[in-house]
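**Student:** Same order as they appear, the protein sequences are chains A and B. Using the working numbering, read the first sequence as starting at 27 and increasing by one per residue. Using the working numbering, read the second sequence as starting at -17 and increasing by one per residue. Backbone N, C-alpha and C fix where the C-beta goes; we use that ideal spot for every residue, glycine too. Next up is a structure, given as structure tokens.
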Amino acid sequence: MIDPTLVLQALVSGVLAAGLYALVSVGLALAIGVIGIVNFAHGEFFMVGAFFAYQLFVSFGIDPVVSLFLVAPALGLIGALIYASTIRFVLKAPELNQMLLTFGLGIILQNLALLVWGGDPRTISGIAYRSIGFQIGPISVGLVPLASFVISLALVLGLYWMLARTATGRAMRAVAQNRIGAALVGLEVDRVYLVAFALSALLAGIGGVMIAVIQSPTPTIGLAFTLKAFAIVVVAGLGNIRGVLFASLFVAIAESMVATLVPNGDTLRNAVFFAIIFVVLVWRSRRVA
Amino acid sequence: MHRTVRTLFTLLALIALGAAAAQGVTIGVLTPLTGGAAGTGQAQRAGFELALEEINAAGGVLGAPLAIVIEDTQANPAVGLAAFEKLMTEDGVEFIAGGFSSGVTLALVESFRTFQPIVMWIGGAVSGIGIDGFDGIEELIGQEDWFFHVHPWDYHNVEAATAFVADTGSQSVALLHEDSAFGGPGSAGAQALIEGAGLTVPLREAFTSTLLGGTGDFRAAIAKAAATDADLLYWIGYDSDVVPLTSQVRELNYNPQYIFGAPPGWPTEFAAAPEAQCVTGLIGFLPNLPTPEAAAFTTAYQAKFGAEPDNYFSALAYANLWAYADAINAAGTTDQGAVIAELEAGTFRSPIGDWSFEPSVVGKHQGFTTDLWLVFQYQDGVREIVWPIEKATAPLVSCR
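See below:
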């Protein structure tokens, strides 16, 4: 007999987890959709954001709620620098070269983190709100997951608004649709790419701060979230930024339900998202055929 | 002519022998310096480096400075295998130390058999004792003359943990475990022993560790444990699981009497985290262990590295290298048979106290067993030893 409380708790946990998934995925979708590059170092931006939040707490006692406003622009700047110094030179190169470059960047960032912070899991220790949960009947809603969901939702919706309503957003959409056409009408394509890549890194940085609160950052923490982000971006459709929110909800709720309702279900989380990718790709290919 | 050639060869052989003697003994170390288990690997490196400094200050091994070559396994079986073969074929070492991760150790078994150096191993705890149809490291190479296992086997860990759990007076235990060669067999053994002690185990549930690709969302497994209302939550996972797991237990309002964790190490800053309060854990060494050996090791470690040895693998690594140095010096040679005889007969120093190799259930040479383990409890930011009673620095307190 399935306990209805567990099912309801799984639903709530899944919805709240979707916020963070969406935040991490939307940055990746932005890089793929606008610049056309699959950024394998995306998870490492996320990891660097987590370590920056940790360091600001350890060195200056800055709470992650505040450091969010420092880490995000810092990651945006790092993203811009990485774009200007490496990515822009391979945009016309074969896709394999682009992937190798971003994969290499990821390894460099991981090893830099290892040099600076070591391999031990790091903990932002003095925050009491990490463990707070609100009881609503038999259901518990964690303060941090709730806050990360609200922030993520606001950022993702803000990004949608920016893409639809601002000149920069419209430029990004134009470049995404037709790079040459956009250049012909006077858009500075390279500048648009730089802004899009910086924005992608900035969003990853915000996700990193959240993860620094939720768990203990290590140099390899980015990989698990990169995999989730790829799954979500595939489900949403490569480059479909608008579909990311719904795909995140779908993946997160499916994972949470399987983890709760199946014995030892937590170990099937990765199987769930790979199964989703498989089904979606097969379904899409049949639809095209 | 023949005499001249013979003399020349003899001279060359003597020069080669002299050069080898001057170079001294080199021990090959395998440990995860990078990757998700790098914290433990770095702790091992610190222990090895401290021991190396002390050994060479005391005259070295066979009259020459001892050397170590450390290779990074990344806690990855394929990388570990390549690192071991490099030590054997390129570095030509005859002695292997270090070790972490049962998965890496299992991958190395066949290669160990091929090269057969002396392997004195401080990681890789998985044994098949109590698990039908499964051969662990103990069954696969425990009876080899050249294999010496320093770290307790997983059933030793579970025996110690179960003895503590029984001493808490708990009636029911919810078991959460990570799902690899570390947590899977360990939790099966734990369930059998806990039930054998007369307690009930209403739940044994697996999760994916953050070390092995999990995102750190353990709410589903914790919600199931909370639904059982067990007195004690017992979890087996890795260091990086500590914060998300303990904070999510509080967040979901699961309030067991005791929370007991068995990761290989604990995050350094976790002691100061509010969710650490009352969490208990198994550990092989703590700087506040009330013995002169522990105090001496802690003082030397602090002087060299500027921090306390908060991962017990640094103490095991220290014991590991000193045992090699003492055994080879006692043998007076690097001949494998002579060194094995000294390792079998000797008593060695360690920060935990004197130790020696004895047979285990299947293995021929087992260093530490159940007696290594201490249970600590986070109490107001300090890890107090609460079990066994004779080593306790504070009484155990309930989380409720």
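At a Cβ threshold of 8 Å, is alanine 257 of chain A touching chain B?
**Tutor:** As a working note, residue 257 of chain A is residue 231 in the first sequence. It does not; no Cβ of chain B falls within 8 Å.
**Student:** Can you tell me whether arginine 152 of chain A is helix, strand or coil according to DSSP?
**Tutor:** Your numbering for residue 152 of chain A matches position 126 in the first sequence. Reading off the sequence shown, one finds glycine at residue 152 of chain A, where the question assumed arginine. Three-state DSSP puts glycine 152 of chain A in coil, outside helix and strand.
**Student:** For proline 346 of chain A, count the other beta carbons within 10 Å of its own beta carbon; 16 or more makes it buried, fewer makes it exposed. Which is it?
**Tutor:** Here chain A comprises residues numbered 27 to 315, so residue 346 of chain A is not present and cannot be evaluated.
**Student:** Does any C-beta atom of chain A lie closer than 8 Å to the C-beta of alanine 161 of chain B?
**Tutor:** For this step, residue 161 of chain B is matched to residue 179 along the second sequence. The sequence as given places aspartate at residue 161 of chain B; alanine does not occur at that position. Closer than 8 Å to some Cβ of chain A, the Cβ of aspartate 161 of chain B qualifies, so yes.
**Student:** Note down, in chain order, each residue of its chain lying with its Cβ closer than 7 Å to the Cβ of arginine 383 of chain B, except the 5 sequence neighbours on either side.
**Tutor:** The requested residue 383 of chain B is not part of the displayed model; chain B covers only -17 to 382.
**Student:** What is the DSSP secondary structure of proline 47 of chain B, reduced to helix, strand or coil?
**Tutor:** For the purposes of this step, residue 47 of chain B is identified with residue 65 of the second sequence, where counting begins at 1. In this structure, proline 47 of chain B counts as coil in the three-state DSSP scheme.
**Student:** Between the Cα of glycine 234 of chain A and the Cα atoms of A/Val33, A/Leu42, A/Gly53, A/Gly145, which residue gives the shortest distance?
**Tutor:** Looking up residue 234 of chain A in the first sequence gives position 208. It is A/Gly53 whose Cα lies nearest to the Cα of glycine 234 of chain A.
**Student:** By the DSSP assignment, the beta strand (DSSP E) with threonine 13 of chain B in it spans what residues?
**Tutor:** Here residue 13 of chain B refers to the residue found at position 31 of the second sequence. Note, threonine 13 of chain B: beta strand (DSSP E), 8 to 13.
**Student:** Have a look at alanine 3 of chain B and leucine 117 of chain A and give me their C-alpha separation to the nearest angstrom.
**Tutor:** Position 21 of the second sequence holds residue 3 of chain B. Position 91 of the first sequence holds residue 117 of chain A. Reliability of the predicted coordinates at alanine 3 of chain B is poor, the pLDDT of 46 falling under 50, and the value obtained from them is presented with this limitation in mind. Rounded to whole angstroms, alanine 3 of chain B to leucine 117 of chain A spans 57 Å at the Cα level.
**Student:** Would you decide whether leucine 298 of chain B is buried or exposed? Buried here means 16 or more other CB atoms lie within 10 Å of its CB.
**Tutor:** Within the second sequence, numbered from 1, the residue matching residue 298 of chain B stands at position 316. It is buried - the Cβ of leucine 298 of chain B has at least 16 other Cβ atoms within 10 Å.
**Student:** Based on the DSSP secondary-structure assignment, which residues constitute the bridge partners of methionine 102 of chain B?
**Tutor:** Start at 1 with the first residue of the second sequence, and residue 102 of chain B comes out as number 120. DSSP lists B/Phe130 as partners of methionine 102 of chain B.
**Student:** In chain order, what residues of the same chain have a beta carbon less than 6 Å from the beta carbon of alanine 203 of chain B, not counting five sequence neighbours either side?
**Tutor:** For this step, residue 203 of chain B is matched to residue 221 along the second sequence. For alanine 203 of chain B, where only same-chain residues beyond five positions count, the Cβ hits under 6 Å are Leu158, Glu187, Phe189.
**Student:** From what residue to what residue does the beta strand (DSSP E) around tyrosine 216 of chain B run?
**Tutor:** On the second sequence, residue 216 of chain B is found 234 positions in, with the first residue counted as 1. Residues 214 to 218.
**Student:** Check whether chain B comes within 8 Å of leucine 135 of chain A, counting only Cβ atoms and requiring the distance to be less than that.
**Tutor:** As a position in the first sequence, residue 135 of chain A is number 109, starting the count at 1. For leucine 135 of chain A, the answer is no, since every Cβ of chain B falls outside 8 Å of its Cβ.
**Student:** Between phenylalanine 72 of chain A and alanine 28 of chain B, what straight-line distance do the alpha-carbon atoms span, to the nearest angstrom?
**Tutor:** Along the first sequence, one-based indexing puts residue 72 of chain A at 46. Along the second sequence, one-based indexing puts residue 28 of chain B at 46. Taking the straight line joining both Cα atoms gives about 29 Å.
**Student:** Between threonine 194 of chain A and chain B, is there a C-beta pair that is closer than 8 Å?
**Tutor:** Translated into positions along the first sequence, residue 194 of chain A becomes position 168. It does not; no Cβ of chain B falls within 8 Å.
**Student:** From this set, B/Glu72, B/Met70, B/Leu63, B/Met102, which residue's C-alpha is nearest leucine 88 of chain B's C-alpha?
**Tutor:** As a first step, residue 88 of chain B is located in the second sequence; it is residue number 106 there, counting from the start. Here the closest residue by C-alpha is B/Leu63.
**Student:** I need the DSSP call for tryptophan 337 of chain B, collapsed to helix, strand or coil.
**Tutor:** Walking along the second sequence from the start, residue 337 of chain B turns up at place 355. The answer is strand: DSSP assigns tryptophan 337 of chain B an E or B state.
**Student:** Tryptophan 29 of chain B versus chain A: which residues are under 7 Å apart at the beta carbon?
**Tutor:** Start at 1 with the first residue of the second sequence, and residue 29 of chain B comes out as number 47. In the sequence as displayed, the identity of residue 29 of chain B is glycine instead of tryptophan. Under the 7 Å cutoff, chain A gives no residues; its nearest Cβ is about 15 Å from glycine 29 of chain B.
**Student:** Would DSSP call serine 166 of chain A helix, strand or coil?
**Tutor:** Looking up residue 166 of chain A in the first sequence gives position 140. Three-state result, serine 166 of chain A: strand.
**Student:** If you measure between the beta carbons of aspartate 54 of chain B and threonine 8 of chain B, is that distance less than 8 Å?
**Tutor:** In the second sequence, residue 54 of chain B corresponds to position 72, counting from 1. In the second sequence, residue 8 of chain B corresponds to position 26, counting from 1. No; because the gap between Cβ atoms is not below 8 Å, this pair is not in contact.
**Student:** Using a C-beta to C-beta distance shorter than 8 Å, which residues of chain A count as neighbours of phenylalanine 82 of chain B?
**Tutor:** By 1-based counting over the second sequence, the position of residue 82 of chain B is 100. Those do not exist, as phenylalanine 82 of chain B stays about 12 Å from chain A at its closest Cβ, beyond 8 Å.
**Student:** For alanine 162 of chain B, does the count of other Cβ atoms within 10 angstroms reach 16, so buried, or fall short, so exposed?
**Tutor:** Reading the second sequence from its first residue, position 180 is the one you call residue 162 of chain B. As written in the sequence, residue 162 of chain B is serine, which differs from the alanine given in the question. So serine 162 of chain B ends up on the buried side.
**Student:** Beta-carbon of glutamate 366 of chain B versus every beta-carbon of chain A: anything under 8 Å?
**Tutor:** Start at 1 with the first residue of the second sequence, and residue 366 of chain B comes out as number 384. Output row for glutamate 366 of chain B: interface = no.
**Student:** Rank B/Thr315, B/Ala301, B/Leu175 by C-alpha distance to the C-alpha of phenylalanine 350 of chain B and give the top, closest one.
**Tutor:** Here residue 350 of chain B is taken as the residue at index 368 of the second sequence, counted from 1. The shortest Cα separation from phenylalanine 350 of chain B among B/Thr315, B/Ala301, B/Leu175 belongs to B/Ala301.
**Student:** What's the call for isoleucine 267 of chain A, buried or exposed, on a 16-neighbour Cβ count within 10 Å?
**Tutor:** Here the question's residue 267 of chain A lines up with position 241 in the first sequence. With 16 or more Cβ atoms within 10 Å of its Cβ, isoleucine 267 of chain A is classed as buried.
**Student:** Using the beta-carbon of each residue, which ones in chain B are nearer than 7 Å to leucine 140 of chain A?
**Tutor:** The residue labelled residue 140 of chain A in the question sits at position 114 within the first sequence. Per Cβ cutoff of 7 Å: Thr16, Ala20.
**Student:** Determine, using beta-carbon pairs with one atom in the region 200 to 215 of chain B and one in the region 121 to 131 of chain A, whether at least three such pairs fall under 8 Å.
**Tutor:** Counting Cβ pairs under 8 Å, fewer than three are found: no touch.
**Student:** At a CB-CB cut-off below 7 Å, which residues of chain A make contact with arginine 201 of chain B?
**Tutor:** Within the second sequence, the letter at position 219 stands for residue 201 of chain B. Near arginine 201 of chain B (Cβ distances below 7 Å), the residues of chain A are Ser39.
**Student:** Evaluate glutamine 153 of chain B with the Cβ neighbour count: other Cβ atoms within 10 Å of its Cβ, from every protein chain shown; 16 or more gives buried, anything less gives exposed.
**Tutor:** Taking the first residue of the second sequence as position 1, residue 153 of chain B is located at position 171. Flag for glutamine 153 of chain B reads exposed.
**Student:** Under 7 Å Cβ to Cβ from tyrosine 47 of chain A, same chain only, skipping five residues before and after it: list those, please.
**Tutor:** Position 21 of the first sequence, counted from the start, is the residue given in the question as residue 47 of chain A. Hits under 7 Å: Lys254, Ile258, Ser274, Val277, Ala278.
**Student:** Could you tell me the alpha carbon to alpha carbon distance between isoleucine 237 of chain A and glutamine 35 of chain A, rounded to whole angstroms?
**Tutor:** Along the first sequence, read from residue 1 onward, the residue named residue 237 of chain A stands at position 211. Along the first sequence, read from residue 1 onward, the residue named residue 35 of chain A stands at position 9. Spanning the two alpha carbons is a distance of roughly 21 Å.
**Student:** Roughly how many angstroms lie between the CA atoms of alanine 250 of chain A and alanine 100 of chain A, to the nearest whole one?
**Tutor:** For the purposes of this step, residue 250 of chain A is taken as the residue at position 224 of the first sequence. For the purposes of this step, residue 100 of chain A is taken as the residue at position 74 of the first sequence. For alanine 250 of chain A and alanine 100 of chain A, the distance between alpha carbons rounds to 23 Å.
**Student:** Could you give the first and the last residue of the continuous alpha helix (DSSP H) run that contains serine 84 of chain B?
**Tutor:** Position 102 of the second sequence holds residue 84 of chain B. It spans 84 to 97 - the alpha helix (DSSP H) in which serine 84 of chain B sits, taken as one unbroken run.
**Student:** So which residues of chain A does serine 109 of chain B contact, with C-beta pairs closer than 7 Å?
**Tutor:** Counting from one through the second sequence, the residue named residue 109 of chain B turns up at place 127. By Cβ distance, chain A contributes nothing, its closest Cβ being about 22 Å from serine 109 of chain B, past 7 Å.
**Student:** Listed from N- to C-terminal order along the chain, which residues in the region 244 to 269 of chain B have their beta-carbon within a distance smaller than 7 Å of any beta-carbon of chain A?
**Tutor:** Listed in sequence order: Pro249, Thr250, Glu251, Phe252, Ala254, Ala255, Pro256, Glu257.
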